[in-house]
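Engineer:
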Amino acid sequence: MFGLFAMSYMNFMLLIVLIGILPAIALIIYMYRQDKIEPEPVSLLIRLFIFGGLTTFVASILEELGMWILDSASGPSPTILYYVIENFIIVGIAEEGVKYFALRKTTWYNPNFNYVFDACIYATTVSLGFAAFENVLYIFNYGLGVAPIRAVTAIPMHCIAGIFMGHYYGQAKFAEYQRDWTRMHIYNVLSVAVPALLHGFYDFCASSQDTTLTVIFYVYVILLDIFAFRSVKRYSKQDRGFNQNSSFWGGM
Numbered sequence: 000m001f002g003l004f005a006m007s008y009m010n011f012m013l014l015i016v017l018i019g020i021l022p023a024i025a026l027i028i029y030m031y032r033q034d035k036i037e038p039e040p041v042s043l044l045i046r047l048f049i050f051g052g053l054t055t056f057v058a059s060i061l062e063e064l065g066m067w068i069l070d071s072a073s074g075p076s077p078t079i080l081y082y083v084i085e086n087f088i089i090v091g092i093a094e095e096g097v098k099y100f101a102l103r104k105t106t107w108y109n110p111n112f113n114y115v116f117d118a119c120i121y122a123t124t125v126s127l128g129f130a131a132f133e134n135v136l137y138i139f140n141y142g143l144g145v146a147p148i149r150a151v152t153a154i155p156m157h158c159i160a161g162i163f164m165g166h167y168y169g170q171a172k173f174a175e176y177q178r179d180w181t182r183m184h185i186y187n188v189l190s191v192a193v194p195a196l197l198h199g200f201y202d203f204c205a206s207s208q209d210t211t212l213t214v215i216f217y218v219y220v221i222l223l224d225i226f227a228f229r230s231v232k233r234y235s236k237q238d239r240g241f242n243q244n245s246s247f248w249g250g251m
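Numbering-wise, numbering that gives the first Met the number 0 puts 157 at position 158 of the sequence shown, and it's gapless, one number per residue.
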């Protein structure tokens, strides 16, 4: 009887893990197929996915520390500024910052990183590793009922943050090859700042009880999804090697 119960429990845990990670895996496969010139090694993507997942724990510590400082410095009644700092600075920068750290440490000097669009593949894989681990934790804590809505909101949002992180990260690497150090630093900053802003606005609207912000949230998600995945197609078509004698492919 105990053995049967243990097996059923393990099967249930496995089901939760699969439900938690499958949306992220589907998006990784989609992004992988957009790399038309030179697909990246699967072993490298697995490492990025795992490292992205592990950064959830670091982000959690940073967010707890940030919220402790914010709560200590603020009054008893939270203001709009409180929620802006919470979502854009504490959550946005903490989560996108740790993703960038994992991305940079794993890929900046990797010889496979030789095309601009590679950066989008790497960054989305890290982001979706983060999203998958986070999603499993949410399902464990709040039940299977949260899985469908997160599959079409939170997980795509992490992917979108990765798309734009990768876009600017790739341009930063391109700038390094051109020995344009100013552009390199600017694009490296943008590779964290832009995803943090996109992520922060998402969380700001999602955490609000205001009806207007709830409507804005769903409109934002739909429009950002359309814009981001159209951008992926454009970035893929404009892909080029770092050693090619060409100018920047800029813009969002």
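Built from N, CA and C at the ideal position, the CB exists for glycine as well. These figures come from a predicted structure and were not determined experimentally.
P40: buried (16+ other C-beta within 10 angstroms of its C-beta) or exposed?
Structural biologist: One-based indexing of the sequence shown puts residue 40 at position 41. Classification for P40: exposed.
Engineer: Can you grab the Cα-Cα spacing for the pair G96 / V191, in whole Å?
Structural biologist: Taking the first residue of the sequence shown as 1, we reach residue 96 at position 97. Taking the first residue of the sequence shown as 1, we reach residue 191 at position 192. Going by the C-alpha atoms only, they are around 6 angstroms apart.
Engineer: For T152, which residues from the same chain have a beta carbon less than 7 angstroms from its beta carbon, with the 5 sequence-adjacent residues on both sides left out?
Structural biologist: Mapped onto the sequence shown, residue 152 falls at position 153. Counting only Cβ-Cβ distances below 7 angstroms, and skipping sequence neighbours, we find V220.
Engineer: With distance defined between alpha-carbon atoms, name the residue in P155, N140 and S206 nearest to I79.
Structural biologist: Counting from 1 along the sequence shown, the entry for residue 79 is found at position 80. Measuring from the Cα of I79, the nearest candidate turns out to be S206.
Engineer: Alpha carbons only, please: which of I60, L223, G65 and I138 is nearest the one belonging to P155?
Structural biologist: Here residue 155 is taken as the residue at index 156 of the sequence shown, counted from 1. Ranking I60, L223, G65 and I138 by Cα distance to P155 puts L223 first.
Engineer: Taking the alpha helix (DSSP H) that L300 falls in, what are its first and last residues?
Structural biologist: Limits of the chain in this structure are 0 at one end and 251 at the other, which puts residue 300 out of reach.
Engineer: Within the continuous alpha helix (DSSP H) that includes L242, where are the two ends?
Structural biologist: What you label residue 242 is simply residue 243 of the sequence shown in a count that begins at 1. Per the sequence shown, the amino acid found at residue 242 is Asn instead of Leu. Per DSSP, N242 belongs to no alpha helix (DSSP H) and is neither H nor E.
Engineer: Does the separation of the CB atoms of F48 and L127 fall below 8 angstroms?
Structural biologist: One-based indexing of the sequence shown puts residue 48 at position 49. One-based indexing of the sequence shown puts residue 127 at position 128. Yes. Within cutoff.
Engineer: Based on the DSSP output, what are the partners of Y114 in its beta bridges?
Structural biologist: As a position in the sequence shown, residue 114 is number 115, starting the count at 1. Y114 pairs with G240.
Engineer: In this structure, how does DSSP classify D179 when only helix, strand and coil are distinguished?
Structural biologist: Within the sequence shown, residue 179 is the residue found at index 180, counting from 1. Here D179 sits in coil by DSSP.
Engineer: With DSSP run on the structure shown, which of helix, strand or coil describes N109?
Structural biologist: Numbered from its first residue, the sequence shown carries residue 109 at position 110. It is coil, neither helix nor strand.
Engineer: Under 7 angstroms Cβ to Cβ from P38, same chain only, skipping five residues before and after it: list those, please.
Structural biologist: Along the sequence shown, read from residue 1 onward, the residue named residue 38 stands at position 39. So the list reads Y31, once near-sequence residues are dropped.
Engineer: If you reduce the DSSP assignment to three classes, tell me which class G74 lands in.
Structural biologist: Taking the sequence shown and counting its residues from 1, one reaches residue 74 at position 75. Looking at G74 - three-state DSSP - the assignment turns out to be coil, as it is neither helix nor strand.
Engineer: Within 10 angstroms of the Cβ of T106, are there 16 or more other Cβ atoms? Answer buried if so, exposed if not.
Structural biologist: Working through the sequence shown from its first residue, we reach residue 106 at position 107. With 16 or more other Cβ atoms within 10 Å, it is buried.
Engineer: Going straight from the alpha carbon of P147 to that of I28, what length do you get?
Structural biologist: Position 148 of the sequence shown, counting from 1, holds the residue named residue 147. Position 29 of the sequence shown, counting from 1, holds the residue named residue 28. Straight-line Cα distance between these residues: approximately 19 angstroms.
Engineer: Excluding sequence positions up to five away, which residues of its chain have a Cβ less than 8 angstroms from the Cβ of I15?
Structural biologist: Looking up residue 15 in the sequence shown gives position 16. Cβ within range, chain order: V135, I138, F139 and L143.
Engineer: In this structure, does DSSP put I36 in helix, strand or coil?
Structural biologist: Within the sequence shown, the letter at position 37 stands for residue 36. Reduced to three states, the DSSP call for I36 is coil.
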